[in-house]
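Residue numbers (the numbering used here), protein chains in the order written: chain Z, 239 to 519; chain Y, 239 to 519.
Ideal placement from N, C-alpha and C gives every residue a C-beta, glycine not left out.
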């Protein structure tokens, strides 16, 4: 683990850290925000932020305006990259933004040429938490959130590991990737054509299976002016599934907001308050 | 005037606008934030933000986290570009970041090849206010702020037009450009070798001339870990001059903070509150 960069913000510290990933077989970088309380030695809870297509660890750090609230509430924020990186890591042969680099979709790829490096599910669920616990003292309470592709990742990872994550939230998530162009392209490449293997990475399918006795708190924020709302994100598929499995989702679709970090910055405080409320109860 | 982009943020609207500049002889772009109150028809005060070296209108909009507070306080934010742009606009022949494109230094150039386009002082002081008043209803009260090169611009423009600007603030400003490498390079290119012509663009020199009966409120924020503090920014030269001219400056140098937008984001709320306080008194 190398600290490449460290900058003071809202009394806390934002670090960019690189490490050799055993799971992804490449060098990875993540950002971590340590609130003033953590720097002073208090063990704090952790919130993961999973970013969307094309992002690195930097977009959220620079644009979401999250550190004011995270500093106030004493939340550690862990911000991973969105795919494996570096020489030898395959990319979309057509160079599109929605497959390959910056588009790992938080799955464990089973198909060549992706399967060696594209193991983002295990990276988020296993390798990063181990690194975190070894190097950054925390109180063991963890929530997960994300945006778009990262909102998909947060929902899938949170629901499949509901004993570990206290709460889940998402901005503009891809709610039913099996049934949208982004998801179908990614899953057919990474997982192959057998759609049974896609289900474990589909928030709507997972919600249909969810035991109604395990009510993990979920909050979803959408912008009604989001150009991807109907074709790619499909939040109503997930809400229908939640209705059927008798699971409550806090859902708001805001008039006029789009898919951008300006939308995220407007409601990030509310999401961090949501997680803080559950993490400290 | 063309609205190229419009996005909802914190209940307000951020627009990117292009227009043909008579003063700069090129097409220019600026960003403007309209708080919810302005959208609802209230005439609001205006705060200009002048950006630093290499920036366009986008850096502040994306990274400063200013819109939450501006929305709450009902402040219009006007965010110009930092130089003329486009084909035929000369750039530093060596391609460095500190001269030419992105480095207009808020002066009216008198030397070839700069003098045709590099008239950023007049652009900020004359052309933009006219455009603003024609197209965006406001209550006529105006303050000015900026960062680094833009902090220099805010101080110089504010002090030379103290009857027009209600208050001035700056993050990490270049306080004495006649006496630092960035300023000397820019001024000798744009204004020539006669240093008498530099004085009107030097905040420290202007402060020495300032009438102590005209106390324009000034706030300056610095980071003690700013790598440019001693060689380029020289805030103590300005503070000394203010002391001699019996002018009060609110000055804070914060332990551990650097020159970045993370620093700005931490204290932007305090600066907007500062301006709001003076604009509404």
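Practice task
Pick out whichever of 467(Y), 402(Y) and 293(Y) has its Cα sitting closest to the Cα of residue 452(Y).
Solution key: Position 214 of the second chain, counted from the start, is the residue given in the question as residue 452(Y). Here the closest residue by C-alpha is 402(Y).
Handout entry: Given residue 346(Y) as reference, the closest of 244(Y), 261(Y), 480(Y) and 381(Y) once Cα atoms are compared
Key = One-based indexing of the second chain puts residue 346(Y) at position 108. Nearest option by C-alpha distance: 261(Y).
Problem - Where residue 352(Z) sits in the DSSP three-state scheme - result: Your numbering for residue 352(Z) matches position 114 in the first chain. Here residue 352(Z) sits in coil by DSSP.
Handout entry: Contact set between the region 251-281 of chain Z and chain Y, restricted to residues whose Cβ is under 7 Å from the partner
Key = Those residues of the region 251-281 of chain Z that come within reach of chain Y (Cβ to Cβ, closer than 7 Å) are 252.
Problem - Pairwise C-alpha distance: residue 267(Z) and residue 366(Z) - result: Along the first chain, one-based indexing puts residue 366(Z) at 128. Along the first chain, one-based indexing puts residue 267(Z) at 29. Near 11 Å, if we compare the C-alpha coordinates of residue 267(Z) and residue 366(Z).
Problem - Below-8 Å beta-carbon distance, residue 312(Z) vs any chain Y residue - result: If you number the first chain from 1, residue 312(Z) lands on position 74. Closer than 8 Å: no.
Exercise for the section: Residues of the region 488-512 of chain Z with a CB closer than 9 Å to any CB of chain Y: list them in chain order, please. Expected result: So the list reads 492, 493, 494, 495, 496, 498, 499, 500, 501, 503, 504 and 507, given in the order they occur along the chain.
Handout entry: Cα-Cα separation, residue 484(Y) to residue 513(Y)
Key = In the second chain, residue 484(Y) corresponds to position 246, counting from 1. In the second chain, residue 513(Y) corresponds to position 275, counting from 1. Their backbone Cα atoms lie some 21 Å apart in a straight line.
Handout entry: Cα-Cα separation, residue 427(Z) to residue 335(Z)
Key = On the first chain, residue 427(Z) is found 189 positions in, with the first residue counted as 1. On the first chain, residue 335(Z) is found 97 positions in, with the first residue counted as 1. Inter-residue distance for residue 427(Z) and residue 335(Z) is about 14 Å (C-alpha atoms, whole angstroms).
Problem - Start-to-end residues for the beta strand (DSSP E) that takes in residue 265(Z) - result: On the first chain, residue 265(Z) is found 27 positions in, with the first residue counted as 1. For residue 265(Z), the enclosing beta strand (DSSP E) starts and ends at 264-272.
Handout entry: residue 350(Y) classed as buried or exposed, judged by whether at least 16 other C-beta atoms fall within 10 angstroms
Key = The sequence position of residue 350(Y) within the second chain is 112, counting from 1. Residue 350(Y) is exposed by the Cβ-count criterion.
Practice task
Please check if any C-beta of chain Y sits within less than 8 Å of the C-beta of residue 290(Z).
Solution key: The count along the first chain starts at 1 and reaches residue 290(Z) at position 52. Taking CB atoms only, residue 290(Z) has no neighbour in chain Y less than 8 Å away.
Practice task
Give the DSSP bridge partners of residue 258(Y), in chain order.
Solution key: If you number the second chain from 1, residue 258(Y) lands on position 20. 265(Y).
Practice task
Spell out whether any CB of chain Z is found under 8 Å from the CB atom of residue 248(Y).
Solution key: If you number the second chain from 1, residue 248(Y) lands on position 10. Judged by the 8 Å Cβ criterion, residue 248(Y) is in contact with chain Z.
Problem - Partner residues on chain Z for residue 300(Y), Cβ-Cβ distance less than 8 Å - result: Locating residue 300(Y) in the second chain gives position 62, where the first residue counts as 1. Those are 300, 301 and 499, listed as they occur along chain Z.
Exercise for the section: Go through its chain and collect everything with a Cβ distance to residue 309(Y)'s Cβ below 7 Å, but skip five positions before and after it. Expected result: Residue 309(Y) sits at position 71 when you count from the first residue of the second chain. 248, 249, 250, 273 and 274.
Practice task
Give the secondary structure of residue 424(Z) by DSSP, where H, G and I count as helix, E and B as strand, and everything else as coil.
Solution key: Taking the first residue of the first chain as position 1, residue 424(Z) is located at position 186. Three-state DSSP puts residue 424(Z) in a helix.
Exercise for the section: Taking residue 383(Y) as the reference, give the member of 470(Y), 471(Y) and 455(Y) with the closest Cα. Expected result: Translated into positions along the second chain, residue 383(Y) becomes position 145. Measuring from the Cα of residue 383(Y), the nearest candidate turns out to be 455(Y).
Handout entry: Opening and closing residue of the beta strand (DSSP E) in which residue 492(Y) lies
Key = Along the second chain, one-based indexing puts residue 492(Y) at 254. Its beta strand (DSSP E) spans residues 487-492.
Exercise for the section: Could you have a look at residue 405(Y) and say whether DSSP puts it in helix, strand or coil? Expected result: Position 167 of the second chain, counting from 1, holds the residue named residue 405(Y). DSSP places residue 405(Y) in strand when its eight states are reduced to three.
Problem - Any 3 or more C-beta pairs closer than 8 Å across the region 415-424 of chain Z and the region 362-376 of chain Z - result: Between the region 415-424 of chain Z and the region 362-376 of chain Z there are fewer than three inter-stretch CB-CB distances shorter than 8 Å, so the stretches are not counted as touching.
Handout entry: Test item: CB-CB of residue 352(Z) and residue 318(Z) under 8 Å
Key = Your numbering for residue 352(Z) matches position 114 in the first chain. Your numbering for residue 318(Z) matches position 80 in the first chain. No, these two residues do not count as a Cβ contact at 8 Å.
Handout entry: For residue 358(Z) and residue 321(Z), believed in contact at Cβ under 8 Å, the rounded distance
Key = On the first chain, residue 321(Z) is found 83 positions in, with the first residue counted as 1. On the first chain, residue 358(Z) is found 120 positions in, with the first residue counted as 1. About 7 Å separates the two Cβ atoms, so the contact holds.
Exercise for the section: Go ahead and pull the three-state DSSP assignment for residue 497(Y). Expected result: Position 259 of the second chain, counted from the first residue, corresponds to residue 497(Y). Looking at residue 497(Y) - three-state DSSP - the assignment turns out to be coil, as it is neither helix nor strand.
Problem - CA-to-CA distance, residue 392(Y) to residue 294(Y), given in whole angstroms - result: Taking the second chain and counting its residues from 1, one reaches residue 294(Y) at position 56. Taking the second chain and counting its residues from 1, one reaches residue 392(Y) at position 154. Approximately 16 Å, taken between the alpha carbons.
Exercise for the section: Put residue 244(Z) into one of helix, strand or coil per three-state DSSP. Expected result: The residue labelled residue 244(Z) in the question sits at position 6 within the first chain. If DSSP states are grouped into helix, strand and coil, residue 244(Z) belongs with the strands.
Exercise for the section: Identify every residue that forms a DSSP beta bridge with residue 357(Y). Expected result: What you label residue 357(Y) is simply residue 119 of the second chain in a count that begins at 1. DSSP, once it has assigned bridges, lists 346(Y) as partnering residue 357(Y).
Practice task
Out of 300(Z), 374(Z) and 325(Z), point me to the one whose CA is closest to residue 277(Z)'s CA.
Solution key: Counting from one through the first chain, the residue named residue 277(Z) turns up at place 39. Considering only alpha carbons, the answer is 374(Z).
Problem - CA nearest to the CA of residue 399(Z), picked from 388(Z), 465(Z) and 380(Z) - result: For the purposes of this step, residue 399(Z) is taken as the residue at position 161 of the first chain. Comparing Cα-Cα distances from residue 399(Z) to each of 388(Z), 465(Z) and 380(Z), the minimum goes to 380(Z).
Problem - Closest residue to residue 323(Z) among 354(Z), 302(Z) and 313(Z) (Cα-Cα distance) - result: Numbered from its first residue, the first chain carries residue 323(Z) at position 85. Nearest option by C-alpha distance: 354(Z).
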